[in-house]
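Q: Handing you this structure, nothing more for now.
Residue numbers (the working numbering), protein chains in the order written: chain A, 2 to 279; chain B, 220 to 412.
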């Protein structure tokens, strides 16, 4: 036990001691905070998996410390936002023990599915500034990969397709003999636009991306700016975590885990459906 | 002359063993050689930025340096700048960014660079070009006529790096090499407190 503590202290010291970088410029002084900061999402992946040294030099398969579990545990601790109120210490410890389990370690895979980007954006919609959220995922194409939009969240779109009153839903249908009357009753679908989609098949789901692209094409919506970016990870079975960019002085900064929850397979499926609708 | 030297260095460092290399995979050794080239370009960019911002650099010289700096970039590259106290991002074409830097209204400007450089993995995009990001940190200080510090910030610069396979003919022989060009830059002010 004591030996473990000693090893951890040594590892923490090794990680946090100022590293000698390559010579770019003239500033002298302690840069250890910058080294400790998780500067890129790419570095988040590498640290999570212990695939780089403290200077940021990559380890490759075959290197002695590649995915080394002892170093990894130190990195994993560093990857949590220490000021987040959404992370319980006990859960954090459980998560770290889970992913760094010697018999069945879990590593993040940049090209793997089950991680999504969430980008806040602003658009002008009928000349009014509106906030939209775009969800993106990496997709393989030809020789490489690209980020693609998987879903859009915009409350104006959402409220127009919010199925509300059950009684109303139950009354909105075209009776099964409508065809005999040449569907002369079809006008009912369009009489009240508020309920139009109630007449669609039960598999119908509004595609908010199509709405966005349509409005942009029609000139009703124009892109303005980007806002904060965050990432949602579902690559560790039984867990969900969120990664945000924390801009603050000190080593506990950069891309860090700001939320951590235990989730069931069913919850995972439901959450993923939100980012990646069928 | 500089371009020629660059091609020679590129060929020396990167083309060796090129033919035997699998096209869809960059070995660790090759990645390190490409990283060195990319870092060289980023260091050139850092030197150019320091010169462009320096009030003692003559106008004609600064223009010449801006031309050199622009040559480091892929056409159409942009610089997206955000600050802690303003919402949104200001976008500039790279030349415009350098020209604004040259025209900044301070009597003296100090641009210094932290030693740290973080180099990402190289990822392949659909057309086969490799893309990576190099992160560097810059300290900017602007002074008034009396020598008083009137503005200071530390910015994180995430610089896109494109790595493309190209071929050139030398003495009738087709030689492959990796060409490195810079792309969009994201400039973020870092928090002081």
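Built from N, CA and C at the ideal position, the CB exists for glycine as well.
Got a sec: is the Cβ-Cβ distance from residue 147 of chain A to anything in chain B below 8 Å?
A: It does: the Cβ of residue 147 of chain A has a partner Cβ on chain B nearer than 8 Å.
Q: Compare the C-beta of residue 89 of chain A with all C-beta atoms of chain B and state if any pair is closer than 8 Å.
A: False, the Cβ-Cβ gap to chain B never drops below 8 Å.
Q: Compare the C-beta of residue 340 of chain B against all C-beta atoms of chain A and say whether one is closer than 8 Å.
A: By this cut-off, residue 340 of chain B is an interface position.
Q: Under 8 Å, do residue 383 of chain B and residue 398 of chain B count as touching if we go by C-beta distance?
A: Yes; because the gap between Cβ atoms is below 8 Å, this pair is in contact.
Q: State yes or no: is the beta carbon of residue 253 of chain A nearer than 8 Å to at least one beta carbon in chain B?
A: No, residue 253 of chain A does not count as interfacial toward chain B.
Q: Could you tell me whether the Cβ of residue 125 of chain A comes closer than 8 Å to any Cβ of chain B?
A: For residue 125 of chain A, the answer is no, since every Cβ of chain B falls outside 8 Å of its Cβ.
Q: I'd like the list of long-range same chain contacts for residue 325 of chain B, defined as Cβ closer than 8 Å, with 5 residues on each side in sequence excluded.
A: Here the set comprises 274, 361, 362, 363, 369 and 370.
Q: Check whether the Cβ atoms of residue 407 of chain B and residue 379 of chain B lie closer than 8 Å to each other.
A: Contact flag unset, no.
Q: Between the segment 162 to 179 of chain A and the segment 127 to 139 of chain A, are three or more C-beta pairs nearer than 8 Å?
A: Touching, no, given that fewer than three Cβ pairs across the two stretches are closer than 8 Å.
Q: Out of A:60, A:271 and A:248, which one is the CA nearest neighbour of residue 41 of chain A?
A: Considering only alpha carbons, the answer is A:248.
Q: Between the C-alpha atoms of residue 267 of chain A and residue 242 of chain A, what's the straight-line distance to the nearest angstrom?
A: Each residue's Cα considered, the two are about 16 Å apart.
Q: Taking CB distances under 8 Å as the criterion, tell me whether residue 77 of chain A reaches chain B.
A: Taking Cβ atoms only, chain B never reaches closer than 8 Å to residue 77 of chain A, which makes this a no.
Q: Under the DSSP definition of a beta bridge, which residues are partnered with residue 195 of chain A?
A: None, per the DSSP bridge assignment.
Q: Among A:77, A:182, A:152 and A:251, whose alpha-carbon lies nearest the alpha-carbon of residue 106 of chain A?
A: For the residues A:77, A:182, A:152 and A:251, the minimum Cα distance to residue 106 of chain A belongs to A:77.
Q: What do you reckon, are the CB atoms on residue 404 of chain B and residue 341 of chain B nearer than 8 Å?
A: The answer is no: Cβ separation not under 8 Å.
Q: Determine, using beta carbons only, whether residue 24 of chain A comes closer than 8 Å to chain B.
A: For residue 24 of chain A, the predicted model reports a pLDDT of 39, less than 50, meaning its position is unreliable; a value from the coordinates is still stated below. Chain B, which has a Cβ nearer than 8 Å to the Cβ of residue 24 of chain A, makes this yes.
Q: Throw me the rounded Cβ distance for the residue 38 of chain A and residue 255 of chain A pair, which I believe falls under 8 Å.
A: Going by Cβ atoms, the distance from residue 38 of chain A to residue 255 of chain A rounds to 4 Å, so yes, they are a contact pair.
Q: Could you work out which residue in A:279, A:244 and A:192 is closest to residue 236 of chain A when comparing CA atoms only?
A: Comparing Cα positions, the closest option is A:244.
Q: Three-state secondary structure (DSSP) at residue 144 of chain A?
A: Reduced to three states, the DSSP call for residue 144 of chain A is coil.
Q: Would you check if there are 3 or more beta carbon pairs closer than 8 Å linking the segment 218 to 232 of chain A to the segment 111 to 124 of chain A?
A: Taking 8 Å as the limit for Cβ pairs, the verdict is that the segment 111 to 124 of chain A does touch the segment 218 to 232 of chain A.
Q: Tell me, to the nearest whole angstrom, how far the beta carbon of residue 336 of chain B is from that of residue 258 of chain B; I am working on the premise that it is less than 8 Å.
A: Indeed they touch by this definition, with Cβ atoms about 6 Å apart.
Q: Let me make sure I understand the geometry here. Which of A:259, A:253, A:212 and A:35 has the alpha-carbon closest to that of residue 75 of chain A?
A: Ranking the options by Cα distance to residue 75 of chain A, first place goes to A:253.
Q: Within 8 Å (strictly less), CB to CB, does residue 230 of chain A reach chain B?
A: Judged by the 8 Å Cβ criterion, residue 230 of chain A is not in contact with chain B.
Q: Alpha carbon to alpha carbon, how far is residue 400 of chain B from residue 261 of chain B?
A: When rounded, the distance between both Cα atoms is 10 Å.
Q: Distance check for residue 338 of chain B and residue 348 of chain B, CA to CA, integer angstroms please.
A: Computed Cα separation, rounded: 17 Å.
Q: Can you check whether the CB of residue 158 of chain A is closer than 8 Å to the CB of residue 200 of chain A?
A: Not a contact, by the Cβ cut-off of 8 Å.
Q: Whole angstroms are fine: how far does the CA of residue 268 of chain B sit from the CA of residue 293 of chain B?
A: Distance between the alpha carbons of residue 293 of chain B and residue 268 of chain B is about 17 Å.
Q: Taking only beta-carbon positions, decide if residue 31 of chain A is within less than 8 Å of chain B.
A: No, residue 31 of chain A does not count as interfacial toward chain B.
Q: Please identify, using Cβ separations under 9 Å, the residues of the segment 390 to 411 of chain B that lie next to chain A, in order along the chain.
A: Cβ contacts with chain A: 407, 408, 409, 410 and 411.
Q: Who are the near neighbours of residue 311 of chain B in its chain, counting only those whose CB is closer than 6 Å to its CB and skipping five residues on each side?
A: Contacts found: 298.
Q: Could you give the C-beta distance for residue 221 of chain A and residue 154 of chain A, rounded to a whole number, given that I count them as a contact under 8 Å?
A: About 18 Å separates the two Cβ atoms, so there is no contact after all.
Q: Check each residue of the segment 118 to 144 of chain A: if its Cβ is closer than 7 Å to any Cβ of chain B, include it; give the result in chain order.
A: Correct list: 142, 143 and 144.
Q: What are the residues of the segment 211 to 242 of chain A that lie near chain B, defined by any Cβ-Cβ distance shorter than 7 Å?
A: Answer in chain order: 226 and 227.
Q: Would you list the one or two residues that DSSP bridges to residue 122 of chain A?
A: Partner(s): A:133 and A:227.
Q: Enumerate in chain order the residues of its own chain whose CB-to-CB distance from residue 61 of chain A is below 7 Å, with the five nearest sequence positions on each side excluded.
A: Once the five neighbours on either side are set aside, the close Cβ partners of residue 61 of chain A are 67.
Q: Just to confirm the assignment, what range does the alpha helix (DSSP H) spanning residue 284 of chain A have?
A: Beyond the ends of chain A as shown, which are 2 and 279, falls residue 284 of chain A; an answer cannot be given.
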